[in-house]
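**Student:** Going line by line, the protein sequences match chains A and B.
Under this note's numbering, residues 1 to 745 are what the first sequence spells out, in order.
Under this note's numbering, residues 1001 to 1237 are what the second sequence spells out, in order.
Take a look at the following structure, please.
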Amino acid sequence: MTITAENLERHGLTTEEYQRIVDALQREPTLTELGIFSVMWSEHCSYKSSRVHLKTLPTTGPRVLQGPGENAGAVDIGDGLAAVFKIESHNHPSFIEPYQGAATGVGGIIRDIFTMGARPIALLNSLRFGSLEDPLVRRTFAGVVAGIAGYGNSIGIPTVGGEVAFDESYTGNPLVNVFCLGIAAHEDIIKGVASGVGNPVYYVGAKTGRDGIHGATMASAEFDEKSAEKRPAVQVGDPFMEKLLLEACLEVMRTDALVGIQDMGAAGLTCSTCEMGSRGGAGVDVDVSLVPQRESGMTPYEIMLSESQERMLMVVKRGREAEVEQIFDKWDLHAVRVGEVTTDGKLRVRNRGEVVAEIPNRALTDDAPLYRRPMAEPRYIKEAQQLSLASLAPPVAAAEAFTRLLASPTIASKRWVYRQYDHMVRTNTLVLPGMGASVVRVKGTKRALAMSVDCNGRFVYLDPYAGAQLAVAEAARNVACAGGKPIGATNCLNFGNPEKPEIMWQFARAVEGMGAACRALDIPITGGNVSLYNETDGRAVLPTPVLGVVGVIDDAANVVRRAFRAEGDVVVLLGETRDELGGSEYLKAMHGMIRGVPPVLDLKREAALHGVLVEGASSGLIQSAQDCSEGGLAITLAESCIGTGHGARIDIPATMSAAGFGDIATLFSESASRVVVSVSPEHEAALMSLAARARVPARRIGLVTGKRVQIAIDGRTVIDEPVAEVERTWSTSIERYFEPAKAIA
Amino acid sequence: MKFAVVVFPGSNSDHDAYYAAEHVLGQQAEFIWHKDHSLKGADVVILPGGFAHGDYLRTGAIARFSPIMAEVQKFAASGGPVLGICNGFQVLLEAGMLPGAMLRNRSVKFVCQHVLIKVEQTDTPFTNACRVGQVLRIPIAHGEGNYYADPDVVAQLEKNRQIVFRYTNAQGVPTGEANPNGSVANVAGLCNETRNVVGLMPHPERACELAIGSADGLVVFESAVKAVSQGAFAAVQ
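Next up, the structure:
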């Protein structure tokens, strides 16, 4: 057959890429082969625009057991155990079909973790939506949350935390990034390799249907008004099937009968066969007629490209087949032999014996196109970085701004969200959602793991380099607040169309910043995911490079939570407040603008701060810790009061700012590297000297006392509200968009 | 003594019940696969939480047909203590071992949070170490925990003192606000007429250690140990 221009366009391939295919094959491809190339060379699978940049990230370290390139990264957490974790996006499907898009995003990342031989024990997510004033956004938001809940709750892995932020740029392109962490003994980590000539290749899990064909190419294109027509490209999740797969696979892995295993995610059978072969330096020969099918009349093309969920591909040691089959039988799953490992390094696809595709694995993987796309600084940046507070309408009273910020959906409690997630199953959750960084204990050890996913897209928009650094700093700081020493990270880079030089520039600068910050804080990135083409009708989302940081707490008894704990404790601010309202939640919520430059970040000081937090926690000095981020110091103080109901009497020095904005900058400036901690009076001196030794600025700013949030600036009271009232404003804000009558669950 | 934790495909709190019995309580525990035909000499049977068979039909509707359920029925009929937690409670309802049925939560959403429940009856193998009126802080995590029974059945349950746990406020008053799912009469847990089979929606196994937020659920397991050691609910094996 001849491949027409229309054929190429439907497959998202350029004519140059087509020529490459012909060169690699030394002939014209068949339609099946064209389909295989199109998904493997899609942005989603090949990282063709991003790879040259990603290579610059730090990915190694003494604790790193597995860096990028496998199904997930792994770091040593002591006691012979590894934390296996990764974050992945499911943005495009979640806009088209919120419930299933989000649900299958959860299913996909869980498979990545147990594929490595790890028992998944925690999920987090990082979500972005448009304004909740928009009914369509509310529908998407509610659907995504329900989808995450529906999948995670059923499979029994707790969703222990995460973040949700709102900005109009995400209206037609929400971000759904899901993080999963599992635990494995070092020696039990298993990889996605095919090797050993003649070893059988098994397919197990759900049957293959026509769902999700071209999901990977969909995720590599912008949205327009026709996007709704792509609904058949969204897969449907079955958490029960995945629960069976999870348990059966972990049981099989304990037998030592597997050579390698990989889940069928994006690009399905195609991706798993050629990637496993490529990693093992081997070939894989499969016959699609043996693949269990849900529908009749499926072509080899459709079977190879289907993204039906809950399927795994395994290479089994020859002679151990019966053992493996028996375990899957126990779980009422049927492992089917679909092919074998060969020596020739080729992916060979047969249909009832007849070869329908034959492609060198490397052409699909390592030798996929790599682009150094043109870059240009976006024109908006210089203009957006100009911020003149003096030209703004005079600010409202500090107390009013405080109340409005508390109710801003980005700042307000996410209780409406996390109450729908089972966050306690597996009985490891040491810090409940909303009470600080997520912390789970590691049963069988004294240790616990702290996790945080963060990114402030406004900062990245205003300065991608600085913004990405701030994302790293914030995620690591949150982990350190809980007492966790950051030991590894995973990233999910959400950007617009990389074919636009301005977007590519944002991307490259953000990756540079992220790399520099991770190096300075000594946090290797062990894997992650890139999601490009996050645009609707030509408008990109705020550049959102989300970072998920994992930290280890040596003694779970020393976990620190965010809320004040005892009357009479001393409140200390670690770090300094400067006049830094650029990109702040205050400017966005009160003046509707994203302007200025992001806060300055001194990475040395940030690292020193983390050291103080970790040591302060492990030595039992610190009673509570909460970092300052959106909304600044005033919001952090409010959050420190909420939960335990303790009030505080605070007096902070004024920060100089433009005329009339002094109080605002003092209270709501988003200066980096700041944490509010509380200590019992007898430990105050020890904490101060710990901070002094680390050269971290520390100032006593008040006391935990009473039942009111009282904040004064140089002795002049500017905020004085009952904690109960502050808590009501903060905790019901999102709920009121959905339950106007405030119905009880 | 030995706890049997039945594992249905889709059970997800099986490990938690096992951990509470074996590691927190220091008793013996054993997983029993749903296709097994023996409870392997267990003294107490736990049907754990989860989504047995995916619960795509009514919750618990398929699990009641698992081979092990015949053994659980026999064990219960001979007086053996059986505890159904969350999905396990739903299975007991479907199996007819407890009266009534579950509806979707009043909010039509899954709800996971700590709630307060009052122990109203202490003559069951899972509450005999409690005080009457004791209020426990225990989490719930369910989408279908809105207990329903006909008014006649509820009257009968009240008369027979079969309502073991009720959602209440901190003072032990079963208010509408304290009811997280819309259950009739604020029912959080029940027993059968012979009082040896108990089902409840809250998860006591998730509240056995202060480190994870509450240790109030431990008394449920301690009660089982006490019951077995006193031989009060001995099963004829």
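Using N, Cα and C, we set each Cβ at its ideal position, and we do this for glycine too.
The model shown is predicted, which means the values in this text are computed figures rather than measured ones.
Give me the chain B residues within the contact set of Gln420/A, using Cβ-Cβ distance strictly less than 8 Å, ordered along the chain.
**Tutor:** The residue given as residue 420/A occupies position 420 in the first sequence. By Cβ distance, chain B contributes Lys1109, Phe1110, Val1111, Cys1112.
**Student:** Thinking just about the alpha-carbon of each residue, which of Asn153/A, Val431/A, Glu168/A, Gly152/A is nearest to the one in Val137/A?
**Tutor:** In the first sequence, counting from the first residue as 1, residue 137/A sits at position 137. Cα-wise, what sits closest to Val137/A is Glu168/A.
**Student:** Since Asn1160/B meets chain A, which of its residues come closer than 7 Å, beta carbon to beta carbon?
**Tutor:** The count along the second sequence starts at 1 and reaches residue 1160/B at position 160. The premise fails here: Asn1160/B is roughly 29 Å from chain A at the closest Cβ pair, so nothing lies under 7 Å.
**Student:** Using the Cβ count rule (16 or more neighbours within 10 Å means buried), how would you classify Asn71/A?
**Tutor:** Here residue 71/A refers to the residue found at position 71 of the first sequence. Buried, because 16 or more other Cβ atoms sit within 10 Å of the Cβ of Asn71/A.
**Student:** Cβ of Ala589/A versus every heavy atom of the ligand FMN: is any distance shorter than 8 Å?
**Tutor:** No copy of the ligand FMN occurs in the structure displayed, which carries no ligand at all.
**Student:** Are the CB atoms of Thr427/A and Asp1216/B within a distance shorter than 9 Å?
**Tutor:** Sequence index remark: in the second sequence, residue 1216/B carries index 216 (1-based). Sequence index remark: in the first sequence, residue 427/A carries index 427 (1-based). Their beta carbons are not under 9 Å apart, which means Asp1216/B does not touch Thr427/A by this criterion.
**Student:** Take every Cβ of the region 709-728 of chain A, pair it with every Cβ of the region 1159-1176 of chain B, and state whether three or more of those distances are shorter than 8 Å.
**Tutor:** no
**Student:** Show which residues of chain B have a CB atom less than 7 Å away from the CB atom of His423/A.
**Tutor:** In the first sequence, counting from the first residue as 1, residue 423/A sits at position 423. What His423/A touches in chain B: Cys1112.
**Student:** Per DSSP, Ile1140/B forms a beta bridge with which residues?
**Tutor:** Taking the second sequence and counting its residues from 1, one reaches residue 1140/B at position 140. Partner(s): Gln1113/B.
**Student:** Between Ala149/A and chain B, is any beta-carbon pair separated by less than 9 Å?
**Tutor:** Sequence index remark: in the first sequence, residue 149/A carries index 149 (1-based). Yes, its Cβ sits closer than 9 Å to a Cβ of chain B.
**Student:** For Gly345/A and Cys271/A, what's the separation of their Cα atoms in angstroms?
**Tutor:** What you label residue 345/A is simply residue 345 of the first sequence in a count that begins at 1. What you label residue 271/A is simply residue 271 of the first sequence in a count that begins at 1. One C-alpha to the other measures close to 14 Å.
**Student:** Among Gly182/A, Val284/A, Thr140/A, whose alpha-carbon lies nearest the alpha-carbon of Pro200/A?
**Tutor:** Residue 200/A sits at position 200 when you count from the first residue of the first sequence. Checking every option, the nearest Cα to that of Pro200/A belongs to Val284/A.
**Student:** So, at 6 Å on beta carbons, what are the nonlocal neighbours of Asp943/B in its own chain, with the 5 sequence-adjacent residues on each side left out?
**Tutor:** The structure shown does not extend to residue 943/B, since chain B is modelled only from 1001 through 1237, so no value can be given for it.
**Student:** Any beta-carbon of chain A closer than 9 Å to the one on Pro1204/B?
**Tutor:** Against the second sequence, residue 1204/B aligns to sequence position 204. It does not; no Cβ of chain A falls within 9 Å.
**Student:** Name, going along the chain, the residues of the region 1207-1225 of chain B whose beta-carbon falls closer than 8 Å to a beta-carbon of chain A.
**Tutor:** Cys1208, Glu1209, Ala1211, Ile1212, Gly1213
**Student:** Starting from Tyr1243/B, follow the beta strand (DSSP E) in both directions and report where the run begins and ends.
**Tutor:** In the structure displayed, chain B extends from 1001 to 1237; residue 1243/B sits before or after that span and is not available.
**Student:** Using Cβ-Cβ distances below 9 Å, what residues of the region 549-573 of chain A are close to chain B?
**Tutor:** Ala556, Ala557, Val559
**Student:** Could you round the C-beta distance between Glu580/A and Ile411/A to whole angstroms and report it? I think they count as a contact, below 8 Å.
**Tutor:** Here residue 580/A refers to the residue found at position 580 of the first sequence. Here residue 411/A refers to the residue found at position 411 of the first sequence. About 17 Å separates the beta carbons of Glu580/A and Ile411/A, which is beyond the 8 Å limit, so they are not a contact pair.
**Student:** List the whole-angstrom C-beta distance separating Val453/A from Gly162/A, where the pair is believed to meet the contact cut-off of C-beta under 8 Å.
**Tutor:** Sequence index remark: in the first sequence, residue 453/A carries index 453 (1-based). Sequence index remark: in the first sequence, residue 162/A carries index 162 (1-based). That belief holds up - the Cβ atoms of Val453/A and Gly162/A are roughly 6 Å apart, short of 8 Å.
**Student:** Any idea what DSSP makes of Arg231/A, helix, strand or coil?
**Tutor:** Along the first sequence, read from residue 1 onward, the residue named residue 231/A stands at position 231. With a pLDDT of 48 at Arg231/A, under the threshold of 50, the modelled position of this residue cannot be trusted; read the value that follows with caution. Correct three-state label for Arg231/A: helix.
**Student:** Determine the direct distance from the alpha carbon of Arg404/A to that of Tyr586/A, and round the result to whole angstroms.
**Tutor:** As a working note, residue 586/A is residue 586 in the first sequence. As a working note, residue 404/A is residue 404 in the first sequence. Computed Cα separation, rounded: 9 Å.
**Student:** In the DSSP assignment, find the beta strand (DSSP E) that holds Cys1086/B and state where it starts and stops.
**Tutor:** In the second sequence, residue 1086/B corresponds to position 86, counting from 1. Unbroken run through Cys1086/B: none, as it is neither H nor E.
**Student:** From the beta carbon of Ser388/A, is the nearest beta carbon of chain B less than 9 Å away?
**Tutor:** The residue labelled residue 388/A in the question sits at position 388 within the first sequence. For Ser388/A, the answer is no, since every Cβ of chain B falls outside 9 Å of its Cβ.
**Student:** Looking at chain A, is there any beta carbon in it that lies within less than 9 Å of the beta carbon of Asn1012/B?
**Tutor:** Walking along the second sequence from the start, residue 1012/B turns up at place 12. With 9 Å as the cut-off, Asn1012/B counts as an interface residue toward chain A.
**Student:** Going along the chain, which residues of the region 321-353 of chain A sit with their C-beta nearer than 8 Å to a C-beta in chain B?
**Tutor:** Lys330, Trp331, Asp332
**Student:** Given Met593/A, which residues of its chain have a CB within under 7 Å of its CB, disregarding the five upstream and five downstream residues?
**Tutor:** For this step, residue 593/A is matched to residue 593 along the first sequence. In its chain, beyond the 5 residues on either side, Leu587 have a beta carbon closer than 7 Å to the beta carbon of Met593/A.
**Student:** With three or more beta-carbon pairs closer than 8 Å as the criterion, would you say the region 527-535 of chain A touches the region 83-90 of chain A?
**Tutor:** The region 527-535 of chain A and the region 83-90 of chain A touch, with no fewer than 3 CB-CB distances between them shorter than 8 Å.
**Student:** Output, in chain order, the set of chain B residues within a Cβ distance shorter than 9 Å of Ser733/A.
**Tutor:** Mapped onto the first sequence, residue 733/A falls at position 733. Within chain B, no residue comes near Ser733/A; the closest Cβ sits about 18 Å away, beyond 9 Å.
**Student:** So, is the C-beta of Arg605/A closer than 9 Å to a C-beta in chain B?
**Tutor:** Here residue 605/A refers to the residue found at position 605 when the first sequence is read from its first residue. By this cut-off, Arg605/A is not an interface position.
**Student:** Check whether chain A comes within 9 Å of His1015/B, counting only Cβ atoms and requiring the distance to be less than that.
**Tutor:** For this step, residue 1015/B is matched to residue 15 along the second sequence. It does: the Cβ of His1015/B has a partner Cβ on chain A nearer than 9 Å.
**Student:** Please state whether the Cβ-Cβ distance between Val160/A and Val572/A is less than 9 Å.
**Tutor:** The count along the first sequence starts at 1 and reaches residue 160/A at position 160. The count along the first sequence starts at 1 and reaches residue 572/A at position 572. Going by C-beta atoms, Val160/A is not nearer than 9 Å to Val572/A.
**Student:** Got a sec? Which residues, its chain only, sit under 6 Å from Pro29/A by beta carbon, not counting five neighbours each side?
**Tutor:** For the purposes of this step, residue 29/A is taken as residue 29 along the first sequence, with counting starting at 1. Its chain contains Ile21 as the residues whose beta carbon lies nearer than 6 Å to that of Pro29/A, once the 5 sequence neighbours on both sides are disregarded; these appear in chain order.
**Student:** Could you give the first and the last residue of the continuous alpha helix (DSSP H) run that contains Gly596/A?
**Tutor:** Residue numbering aside, residue 596/A sits at position 596 when the first sequence is read from its first letter. In the DSSP annotation of this structure, Gly596/A is not part of any alpha helix (DSSP H), being labelled neither H nor E.
**Student:** Measure from the alpha carbon of Arg595/A to the alpha carbon of each residue in Gly513/A, Gly457/A, Met314/A, then state which is nearest.
**Tutor:** Working through the first sequence from its first residue, we reach residue 595/A at position 595. Closest option to Arg595/A, Cα to Cα, is Gly457/A.
**Student:** Return the first residue and the last residue of the alpha helix (DSSP H) that Gly611/A is part of.
**Tutor:** Within the first sequence, residue 611/A is the residue found at index 611, counting from 1. Counted as a single uninterrupted DSSP element, the alpha helix (DSSP H) harbouring Gly611/A occupies residues 603-618.
**Student:** Name the two residues that bound the continuous beta strand (DSSP E) containing Phe668/A.
**Tutor:** By one-based count along the first sequence, residue 668/A stands at place 668. Segment 662-668 is the alpha helix (DSSP H) holding Phe668/A; no beta strand (DSSP E) there.
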